[in-house]
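There are 2 protein chains.
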Amino acid sequence: MPKLRTARERARSELTREIKDEARRQLATHGAEALSLRAVARELGVVSSALYRYFPSRDDLLTALIIDAYDAIGQQVEDADARRRRGDFLGRWRACCHAVRDWGLAHPREYALIYGSPIVGYQAPRDTVDSAARVPRALLAVVRDCAEAGALEPPSGLPRAAARQVDQLVTTVEDLRLRGVPPAALGAVLTAWTQLYGMVSFELFGHLEGLFDDKRALFEHSTGQLAQLIGLRPRSRRG
Amino acid sequence: MPKLRTARERARSELTREIKDEARRQLATHGAEALSLRAVARELGVVSSALYRYFPSRDDLLTALIIDAYDAIGQQVEDADARRRRGDFLGRWRACCHAVRDWGLAHPREYALIYGSPIVGYQAPRDTVDSAARVPRALLAVVRDCAEAGALEPPSGLPRAAARQVDQLVTTVEDLRLRGVPPAALGAVLTAWTQLYGMVSFELFGHLEGLFDDKRALFEHSTGQLAQLIGLRPRSRRG
DNA sequence: TGGCTGTCAAGAGCAGTGCTCTCGATTGTG
DNA sequence: CACAATCGAGAGCACTGCTCTTGACAGCCA
Chain V
3 MPKLRTARER ARSELTREIK DEARRQLATH GAEALSLRAV ARELGVVSSA LYRYFPSRDD
63 LLTALIIDAY DAIGQQVEDA DARRRRGDFL GRWRACCHAV RDWGLAHPRE YALIYGSPIV
123 GYQAPRDTVD SAARVPRALL AVVRDCAEAG ALEPPSGLPR AAARQVDQLV TTVEDLRLRG
183 VPPAALGAVL TAWTQLYGMV SFELFGHLEG LFDDKRALFE HSTGQLAQLI GLRPRSRRG
Chain B
3 MPKLRTARER ARSELTREIK DEARRQLATH GAEALSLRAV ARELGVVSSA LYRYFPSRDD
63 LLTALIIDAY DAIGQQVEDA DARRRRGDFL GRWRACCHAV RDWGLAHPRE YALIYGSPIV
123 GYQAPRDTVD SAARVPRALL AVVRDCAEAG ALEPPSGLPR AAARQVDQLV TTVEDLRLRG
183 VPPAALGAVL TAWTQLYGMV SFELFGHLEG LFDDKRALFE HSTGQLAQLI GLRPRSRRG
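Heads up: the protein sequence lines correspond to chains V and B, in order.
Convert by adding 2 to the 1-based position in the first sequence; the result is the number in the working numbering.
Convert by adding 2 to the 1-based position in the second sequence; the result is the number in the working numbering.
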C-alpha cells in the first residue's frame, strides 16, 4: 500500500473521507432513507454533481457506509474482547455481547442500516461479507479458545437434519480460520448469535417499548444464559 | 358498526381499499421506500392529489399498511394455532412458529416493514400496538393453555434483577387478558419470541445467505428447542 | 519549457417525488 | 330548491438522484 503521492491523490482520498463523514452524520441524525447527496454536497460547500466523481451513485455511498458500520461494530467487539484476560471466557463472552448492544445503542441508525430491512434493489457486494463476519467471528473465537483450553462443555448432539446443516457451517467457519469449535457448540453459537441479534434489534427497533425499564438487566441475564447454552464455563486458565 | 349508507361513503371506503391494495402491491414488488403516491394514483387512473382526500400523507398510508401487516401475520398465526387440537401444545407451538416464518417468506417486504428498520420520523401510533401484540399473544396463549392443563414444566427461577423486569411484564400480559402464565415461563416465552424473531429476520434479511441450504430444517430444530426451554411437554389432554 | 491528457468542479437540465392550493363539478341534506 | 360538504383535476413549489457539457487545472512526456 503506497503512500499518497501526488496532490491530486491526496485531495481525492481526503474529500472521499469528508463525504463519508458528512454522510454518516446525516445518516445518524436523519436516517438512511433521508440521506441526500445534494444535502451532503451543500454541507461540504460543493455542487452535487461533484460527488459523482467519488461515488458513482447514492447506493455506492451507502455501501461504503455499510462496510464502515460493519467494521466499526466489529472493531468494538474485538476491542472489548481483547481487554479481557484471554482465559476469562465467560467475561469475554459477556463483554462481546455488551459491545454489540452498546454500539447499537450509540449508533442506532447505523445498526438499522446493517441489521435492519435490506435495501431493495441492493445486492450486498462481496466486500461486505468480510466486515460483516467480524462480530460472529469474535464470538466464535471466544468459544474456540475455551474449547482449546478444555473448558468447554458443549451441548448434546443435534438431530440428524439440523446436524447436516451445521456440518455445512463447519466448512464456512474453517474458511474463517476458526477451526477447533466442536460442531455441537457451533450450533449453539449460531443460536446465541441469533438471540443476541434478536434482543438488540427488538430493543433498538422499539418492540420492547414500555415493557421494561431496565433492559440492560434483562440483557445481562440473557447473555449468561447463552453462555450456559454454549457450554462456556466460568473456569479460567492463564491467558 | 352501521352499514354503508350513502353512495359517497360506499365509494369512499371502496377507493380507500383500492388505494391500500395497490400500495401493498407496490410495497411487495418495489419495497417500502419506493412506494410512491404518484405511482399508486397513476395505476388507479387518478390524479395524485386525489389520494390526499383518503390519506393525509404518505406516512399515514404506510401506517395503514403496517397495521394491516401486523393483522395479517397475527391472523395467520392464530389460524395455524386454531387448526391444531387444543391439547396438542407442542404441535400448536410449532405451528405458530412456522406460521411466522411462512408468512415472512411469503411477504418479505411487509415483514421488513413491521420488523425491520423503524421509519425515521415515525412514531408508532397507539393503533398499531394491539395488532402488533397478536403474534406474541398467540404464543402466550399456547403456554397459558399448557399451564392450565398442568402440562407445563417451567424453567427454574430467574436472578433477582431479571425477575423484577419480568414482573413488570406480568402486568402488561394481564392487560392482554392472558393470566395464568407462570412468571418463570413468561421470561422463557420472551426469550423464545426474541429467538423466533431473530431467526426469521436473519433469514429474510439475508444474513444466512450461503451458510445453509435447508434453513427450514434448522428452524424446525430450533422451535423444538424453544418449546423445551419454555417447558412445553408433548403430553396432551383432550381439547 | 511547451503541449497533451486525464481529472476536476460547476452549472444546466431531466424525470421523478411529496405535498399544497385553487377551481369547478358532483353529491347529500336541511 | 338551495346551501354545504366533498370530490377529482390541475397547476405549482421545493426537493430528489442522476446525466451531460463546459471550462479550468494538474500531472506527465518530450
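Note that CB positions come from ideal geometry on N, CA and C, so glycine has one too.
- V:A114 is the residue among V:A143, V:A114 and V:R128 whose C-alpha sits nearest the C-alpha of V:G200.
- Within the DSSP bridge table, the entry for B:L234 names B:L154 as partners.
- Linking B:K217 to B:S224 through their CA atoms gives a straight-line distance of about 11 Å.
- The continuous alpha helix (DSSP H) containing V:D70 extends over residues R60 to A84.
- Secondary structure note for V:R179: it is in no alpha helix (DSSP H), with a DSSP letter that is neither H nor E.
- What B:S51 touches in chain V, judged by beta-carbon distance under 9 Å, is nothing: the nearest beta carbon there is about 23 Å away.
- Look at V:P120: its C-beta is under 8 Å from a C-beta on chain B.
- Here B:A34 has L115 as same chain residues with Cβ atoms under 6 Å from its own Cβ, once five neighbours each way along the sequence are excluded.
- Contact of V:S158 with chain B is not assigned, every C-beta pair being separated by 8 Å or more.
- Per DSSP, reduced to three states, the secondary structure at B:T173 is helical.
- By alpha-carbon distance to V:R103, the top candidate from V:V79, V:D169 and V:I121 is V:V79.
- Excluding five sequence positions before and after B:C148, the CB atoms of its chain that fall closer than 7 Å to its own CB belong to F91, L154 and L234, given in chain order.
- Note that the C-beta distance between V:V145 and V:A187 is below 8 Å.
- Under the Cβ distance rule, V:D61 does not count among the residues neighbouring chain B, no pair being separated by less than 8 Å.
- Near chain V, meaning a CB-to-CB distance below 9 Å, the residues of the region 197-209 of chain B are Q197, L198, Y199, G200, M201, S203, F204, L206, F207, G208 and H209.
- When 8 Å is used as the limit between beta carbons, B:S133 is near no residue of chain V, the shortest such separation being about 13 Å.
- By the rule that beta-carbons nearer than 8 Å mark a contact, B:H223 touches chain V.
- Shown here, V:L206 sits in a helix according to DSSP, grouped into three states.
- By the CB criterion at 8 Å, B:D215 and V:Q227 fall outside the cutoff.
- By the rule that beta-carbons nearer than 8 Å mark a contact, V:L171 touches chain B.
- At a cut-off of 8 Å between beta-carbon atoms, B:D129 makes no contact with chain V.
- Shown here for B:A229: same chain residues with a beta carbon closer than 6 Å to its own, the five before and five after excluded, namely L92 and W95 in chain order.
- Non-local C-beta neighbours of V:A36 in its own chain, meaning closer than 8 Å and more than five positions away in sequence, comprise Q28, ordered along the chain.
- In this structure, the alpha-carbon of V:P161 lies about 19 Å from that of B:C99.
- When the alpha-carbon of B:L180 is set against those of B:A165, B:L141, B:G212 and B:A190, the nearest one is in B:L141.
- The beta carbon of B:L206 is closer than 8 Å to those of G106, L107, P110, Y113 and A114 in its chain, skipping five residues each way along the sequence.
- Put simply, the backbone Cα of V:D62 is about 17 Å away from that of V:A134.
- Here V:Y199 carries a helix assignment [DSSP, helix/strand/coil].
- In the three-state scheme derived from DSSP, where H, G and I count as helix and E and B as strand, B:R88 is classed as coil.
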